Amino acid sequence: MNAELDLLVSLNDYETPQNVADRAVQAEEMGFDRITVGETTGWNIVPPLTLAADRTDELGISNDVISPFGRSPAMLAQTALTLHDASDGRFRLGLGPSSPAITERWHGKAFERPLRRTREAVEIIRAVYETGSPAYEGEIFDIAGLNYERDVPENPPPIDLATLGPKATEMAGRFGDGWAPQMFTRDGLEERLEDLARGADLADKSLEELRVAPIVRGVASEDREAAREKARSTIAFMLGAYGPYYGDSVAEQGYPEVVSEIRDAWGERDTDAMAAALPDEVLDELAPAGTPDEVREWVADYAAIDGVDAVRIGFVDGLTEAEKTATMDAVSELA
Numbered sequence: 043m044n045a046e047l048d049l050l051v052s053l054n055d056y057e058t059p060q061n062v063a064d065r066a067v068q069a070e071e072m073g074f075d076r077i078t079v080g081e082t083t084g085w086n087i088v089p090p091l092t093l094a095a096d097r098t099d100e101l102g103i104s105n106d107v108i109s110p111f112g113r114s115p116a117m118l119a120q121t122a123l124t125l126h127d128a129s130d131g132r133f134r135l136g137l138g139p140s141s142p143a144i145t146e147r148w149h150g151k152a153f154e155r156p157l158r159r160t161r162e163a164v165e166i167i168r169a170v171y172e173t174g175s176p177a178y179e180g181e182i183f184d185i186a187g188l189n190y191e192r193d194v195p196e197n198p199p200p201i202d203l204a205t206l207g208p209k210a211t212e213m214a215g216r217f218g219d220g221w222a223p224q225m226f227t228r229d230g231l232e233e234r235l236e237d238l239a240r241g242a243d244l245a246d247k248s249l250e251e252l253r254v255a256p257i258v259r260g261v262a263s264e265d266r267e268a269a270r271e272k273a274r275s276t277i278a279f280m281l282g283a284y285g286p287y288y289g290d291s292v293a294e295q296g297y298p299e300v301v302s303e304i305r306d307a308w309g310e311r312d313t314d315a316m317a318a319a320l321p322d323e324v325l326d327e328l329a330p331a332g333t334p335d336e337v338r339e340w341v342a343d344y345a346a347i348d349g350v351d352a353v354r355i356g357f358v359d360g361l362t363e364a365e366k367t368a369t370m371d372a373v374s375e376l377a
């Protein structure tokens, strides 16, 4: 397989930040190229990623998505530069507009103009990289600027953007160094890559200069049906209860009736009905779930999409440690 393998882990799966570092060591030993960790309303990602960086030698270190509503652009730059130093230059910064729920109900800010805020945050981070100062005059941010107290590295951390829609993905191509989409069918991903390429062209870049690393959530087990039911529940929940963006995106990829039925079930808080409303056809489009051989084949086919540089493998919900290890074993054979 030509594409790299990233392991996406959830902080909620671990009892201590040190346990995240244990997983990073395991991932490096199994041949994964990078570990990436998301941040919502649990731990701050910086301590566990710092521990992971300290205990590994070659494994790439990434955060999945940090919201520009949750940290100031200058603090985002500080975070990136700190993790860059902690990892000896192995860190990539992941940014995304986040969601109304996290923005408003956790960070206490209005979810207004998320794309513009993300773009300006990227520009301010790059200003710190280039000049050491976040000085900036924009529509969202107006910053007089102070100087970063340390030397800025010659090769600062790349910036990956997590987007879904066409305009947002064009922005990722124009202003980002990479793209981390989620919940895309093969056809849907190929179509959205055209938007990414258009954005790259606006910045006089080529698609080959961007690291495209789509996120997929799956499970490999010899108990095929149990694996598929766990995946079905997770994917259905993401379509119906996370939102509305994942559901809207999958609906636009050709499955509006499926998303509508799942959302109706979520309205009744009937998670069993949500899972039942997700047919095999759609599950197979969105998630690698089944026997180890089936999961390997799914991931290899997805990685073979023209323009994909890496696949970020995450776990579906409710897995035992044995199931997580089995899933890692299955896909690590592709490394």
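Each number in the working numbering comes from the position in the sequence shown (counting from 1) with 42 added on. Heads up, the beta-carbon is just placed ideally off N, CA and C, and yes, glycines get one too. Given the structure is predicted, the values throughout are model-derived calculations rather than measurements.
| Query | Result |
| --- | --- |
| According to the neighbour-count rule (16 or more other Cβ atoms, all chains shown, within 10 Å of its Cβ), is Arg311 buried or exposed? | exposed |
| Apart from the five residues on each side of it in sequence, which residues of its chain come closer than 7 Å, Cβ to Cβ, to Val79? | Val51, Leu53, Val62, Ile87, Pro90, Leu91, Asn105 and Asp106 |
| Check the C-beta distance from Ile108 over to Glu81 and give it rounded, since I have them as a contact under 8 Å. | 6 Å |
| Tell me the rounded alpha-carbon separation between Arg76 and Asp322. | 30 Å |
| For Glu57, I'd like the list of residues in its chain whose CB is within less than 8 Å of its CB, leaving aside the five on either flank, ordered along the chain. | none |
| Which one or two residues does DSSP pair with Ser104 in a beta bridge? | Thr78 and Arg134 |
| Roughly how many angstroms separate the alpha carbons of Gly73 and Val67, rounded to a whole number? | 10 Å |
| On the CB-based measure, 16 or more other CB atoms within 10 Å of its CB, does Thr211 come out buried or exposed? | buried |
| Just list the beta strand (DSSP E) runs in the segment 177-254, keeping only unbroken ones of 3 residues or longer that don't cross its boundaries, in chain order. | 201-203 |
| Could you pull the DSSP bridge partners for Ala94 from this structure? | Partner(s): none; Ala94 has no beta bridge. |
| What first and last residue would you give for the alpha helix (DSSP H) that runs through Gly356? | No alpha helix (DSSP H) holds Gly356; the beta strand (DSSP E) holding it covers Ala352 to Phe357. |
| For Glu162 versus Pro115, is the C-beta distance shorter than 9 Å? | yes |
| Give, in chain order, every unbroken run of the beta strand (DSSP E) that is at least 3 residues long and sits entirely within the segment 261-294. | none |
| What residue range is occupied by the uninterrupted alpha helix (DSSP H) comprising Leu125? | Pro115 to Ala128 |
| Taking all protein chains shown into account, do 16 or more other C-beta atoms lie within 10 angstroms of the C-beta of Gln60, making it buried, or fewer, making it exposed? | exposed |
| Between the segment 267-280 and the segment 318-333, are three or more C-beta pairs nearer than 8 Å? | yes |
| Assign Asp237 to one of two classes, buried (16 or more other C-beta atoms within 10 Å of its C-beta) or exposed (fewer than that). | buried |
| Let me confirm a value: Arg155 is counted as buried when at least 16 other C-beta atoms fall within 10 Å, else exposed. Which label applies? | exposed |
| Would you mind sorting Ser291 into buried or exposed? The rule is 16 or more other CB atoms within 10 Å of its CB. | buried |
| With a threshold of 6 Å on Cβ separation, who are the neighbours of Arg135 within its own chain once the five nearest residues in sequence on each side are excluded? | For the record, residue 135 in the displayed sequence is Leu; it is not Arg. Excluding residues within five positions, the ones whose Cβ falls inside 6 Å are Ala122, Pro199 and Ile201. |
| State the start and end residues of the unbroken beta strand (DSSP E) segment that holds Leu47. | Glu46 to Val51 |
| In three-state DSSP terms, what is Ile257? | strand |
| Counting along the chain, where does the alpha helix (DSSP H) carrying Asp371 start and finish? | Glu363 to Ser374 |
| Using a Cβ-Cβ distance under 9 Å, would Phe183 count as near chain C? | No chain C is part of this structure, which consists of one protein chain only. |
| Below 7 Å CB to CB, which residues in the same chain sit around Asp351 once its five sequence neighbours on both sides are set aside? | Ala45, Glu46, Arg253, Val254 and Ala255 |
| Could you give the C-beta distance for Ile182 and Arg216, rounded to a whole number, given that I count them as a contact under 8 Å? | With 8 Å as the limit, Ile182 and Arg216 do not qualify as a contact, their Cβ atoms being about 17 Å apart. |
| For Asp130, which option in Glu196, Pro208, Ala307 and Leu376 has the closest C-alpha, if you only look at C-alpha atoms? | Glu196 |
| Could you name the residues of the same chain whose beta carbon sits closer than 6 Å to that of Gly132, not counting the 5 residues immediately before and after it, in chain order? | Checking the sequence, you will find Arg at residue 132 rather than Gly. The residues are Gly102 and Ile103. |
| Do the CB positions of Met213 and Leu281 come within less than 9 Å of each other? | no |
| At the level of alpha carbons, what is the spacing between Ala345 and Leu188? | 43 Å |
| Please classify Ala346: does DSSP put it in a helix, a strand, or coil? | coil |
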